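For any residue, its number in our numbering is found by taking its place in the sequence shown, counting from 1, and adding 157. Backbone N, C-alpha and C define an ideal beta-carbon position, used for all residues, glycine too. This one's a predicted model, so the numbers in the text were calculated from it and none came from an experiment.
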Amino acid sequence: MKKHYICNQTIMFQDMTKAKTETKANNHKQLWLYLCALALIFIIAFSYAFNSKIDLNGDNCDYYMLATSISTGHGYANIASPDYRPSDLFPPGYPLLMALIRFFTDSVIAQKILNGLFLLVSSLLLFLFVRKNKFPESLAFISCCAILLNARILHFATMMMSEMSYLMFSVFVVWALFKTEDKDKPFWKNAWFYLLIIASAYAYHIRTQGIALIAAVICYLIITKKWKQTIIYIMGFMVCLLPWIIRNKIIGLGQSRYLDQIFAVSQHRPEDGTLTIGGVIERFFDTLRMLLTKAIPNTVMPYINVDYSSSTTVGEWIIAAIIVALIIIGFLKFGKFGYFFILYTLATLGVISLFNDPGENRYITTLVPYLEIGLFIGLYSVIAVGVKKLKIAQQFSPWILCVLFVFCSFPKLKAEHNQNTAPFPPNFQNYFTIGEGIRKALPPKTMICSRKPNLLYMFSKTWVCNYKWTNDESELISDLVKRNVDYVILDQLGYSSTYRYLLPAIQNHQQLFTPVMHLTNPDTYLLKFDREAASKEFNIK
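Encoded structure:
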């Protein structure tokens, strides 16, 4: 009898072990199916929205030039200047990542694919993070689908800009901060704590906006009363900053250009001067209002369209209040870690609001994935409670949210696809045609002055510079002489500085500018600049 009982117990134990093993195997299989599905959705969406052309914002070309400088052994410098002048135009983090690809190929498309991979890794890690926090896998999956199908995110994923690399490192910070919660060992023995410091520092070195991420981590550590971690985190971060600070000190670079932007009335019209503290505060709240009532709803809800140029309506305030409330509810579902997301969101919006050129929803791009996750979890939580209280069903399925959000993303995705597959506008096409003509006809050490020198470099591969933004024509022309300018491009790219500064100087001193190339529709000129005559006329030594 006893042997029979022991035998039954053994069989039961074996059955339980087998069931657990099978359950674990099924969970792993389901996890890999979700990850593969996300990867497939990324490939489809990224391919559909892919832009093989140079983006017309210009900054993407600066990043490419800096990466080229690093990969060709010239350091972090402006390779389009005669002296390879050391640069601090952008933090070095993203160009360093680009240089890994640029070392092997000069392909722009390869750089764009790298950016896409940053987005894919970010979405997969966010899926795992949401799943780790005991939310339904289906909800985590749908949230990350919304990220991968977000037109604003894909817009930046398909160009050579720093947003996606910053996003990836910010997700690393989230992961590392989550892993430091391990109670089994002290934090100084936890490798994740040191990865938290490194990832935070590198995120800051990708985008200065990363100071919001640092502030959120510090506030979170203080709120959770982790005093030692707070002190060591701050000290570690400061140590990681030292190489860049010392480098800039040694080569005599000034203060950050971002500080000048904060106090400038307009970064495009330097003659307008600077703002008072009161002016900066007023602009801060104007920008914050725009971000809350227009940028966030327009970005996280794909079918909400807004007019950024108009004042905020009562309806927009109501919609914004509902969306923000749902996002906050979603964040709070993460427990105390939700405070980190709230702090990070507030800090990011605060940093963006300090800038004089908020760029509509451009600068919240790296925040959008977190907002999407908060929105989906918040909406799911609210609906689930409502369904339960009204006894409509036993539980609410997250898959229903696909109909409300994921499928509604297609109109904006289609617009992004149409924009990215369209040819360059005629004014930019003329500009680039002249650049290609310069590359074929002139030596690389020819200095070309134009409104968008970074864009021009991608086609001319010569030295390039901008003209001085001043209403004083003699000062503008004197600057051309000092820069050893050989040719000037008079374009119609639509920038007001061309008509305000450059065009009058050319019209009033036509003897100094000889047309050598002229394209029509619209008129675009390559002009030979007579430096010697200009030096005599303006008595420049």
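Among the options, which has the Cα closest to the Cα of residue i?
i      : options                           : result
HIS362 : THR469, TYR251 and ILE453         : TYR251
ALA202 : ALA579, ASP339 and HIS574         : HIS574
LYS569 : PRO600, ILE310 and SER322         : ILE310
VAL560 : SER300, PHE442, PRO583 and GLU694 : SER300
LEU633 : ARG364, ALA256, TRP620 and THR655 : THR655
MET395 : ILE379, VAL645, THR456 and ILE371 : ILE371
ASN587 : PRO600, ASP629, SER617 and PHE562 : SER617
ALA690 : SER635, ASP680, TYR241 and ARG446 : SER635
PRO672 : GLN664, ALA662 and LYS685         : LYS685
SER538 : LEU281, TYR520, GLY487 and ARG688 : GLY487
LEU195 : THR469, GLN552 and CYS302         : CYS302
SER204 : LEU306, TYR241, PHE286 and SER244 : LEU306
ILE368 : SER327, ILE407 and ILE549         : SER327
PHE275 : ASN290, LEU283 and MET321         : MET321
ALA662 : VAL642, SER631, ILE354 and LEU683 : SER631
GLN187 : LYS639, GLY435, ALA297 and ASN623 : ALA297
GLY232 : TRP332, TRP401, ILE380 and ARG288 : TRP401
LEU352 : CYS397, LYS383 and ILE530         : CYS397
With residue i as the anchor, note down where its beta strand (DSSP E) starts and where it stops.
i      : result
PHE686 : 681-686
TYR527 : TYR527 -> not in any beta strand (DSSP E); alpha helix (DSSP H) instead, spanning 525-546.
ILE605 : 604-606
TRP620 : 620-622
Where do the ends of the alpha helix (DSSP H) carrying residue i lie?
i      : result
PHE441 : 434-447
ILE391 : 384-407
TYR359 : 348-363
TYR377 : 368-380
GLY250 : 250-259
TYR614 : 610-617
ARG640 : Element bounds for ARG640: n/a, residue is neither H nor E.
PRO601 : No alpha helix (DSSP H) holds PRO601; DSSP gives it neither H nor E.
ASN455 : 453-457
Taking C-beta to C-beta, are residue i and residue j nearer than 8 Å?
i      : j      : result
SER566 : PRO459 : yes
ALA452 : ASN518 : yes
ASN584 : LEU650 : yes
ILE211 : THR225 : no
LYS660 : LEU647 : At residue 660 the sequence reads Leu, which differs from the Lys that was named. In this structure, LEU647 lies closer than 8 Å to LEU660 by Cβ.
LYS490 : ILE534 : yes
LEU324 : SER357 : no
MET674 : GLY592 : no
LEU448 : ILE480 : no
TRP349 : THR337 : yes
LEU228 : PHE260 : The amino acid occupying residue 228 in the given sequence is Ser; Leu does not appear at that position. Their beta carbons are under 8 Å apart, which means SER228 touches PHE260 by this criterion.
MET222 : ASN611 : yes
PRO248 : ALA234 : no
TYR644 : ILE697 : no
Can you tell me which of the three DSSP states residue i falls into?
i      : result
PHE494 : helix
HIS574 : helix
ALA579 : coil
VAL278 : helix
PHE477 : A quick correction: the sequence has Ala, not Phe, at residue 477. It is helical.
ALA234 : strand
PRO243 : strand
PHE562 : helix
LYS342 : coil
GLU517 : coil
TYR501 : helix
PRO555 : helix
SER319 : coil
LEU306 : coil
ASN290 : coil
TYR460 : coil
ILE697 : coil
ALA690 : helix
PHE170 : Residue confidence for PHE170 is low, a pLDDT of 49 falling below 50, so the modelled location carries little weight and cannot support an answer.
GLY511 : Note that residue 511 corresponds to Leu in the displayed sequence, not to Gly. In this structure, LEU511 counts as coil in the three-state DSSP scheme.
LEU410 : coil
SER300 : helix
TRP626 : coil
SER590 : The displayed chain sequence assigns Thr, not Ser, to residue 590. Note: THR590 maps to helix in three-state DSSP.
ILE270 : helix
Is residue i near the ligand FAD, in the sense that its beta carbon is under 7 Å from a heavy atom of that ligand?
i      : result
LEU532 : With respect to the ligand FAD, the structure shown offers nothing to examine, as it has no ligands at all.
Length at least 4, wholly inside the stretch 190-231: the alpha helix (DSSP H) runs in chain order: Here the runs fully enclosed are 216-228.
Complete runs of the alpha helix (DSSP H) confined to the stretch 645-679 [at least 4 residues]: As far as the stretch 645-679 is concerned, its whole alpha helix (DSSP H) runs of at least 4 residues are 660-664.
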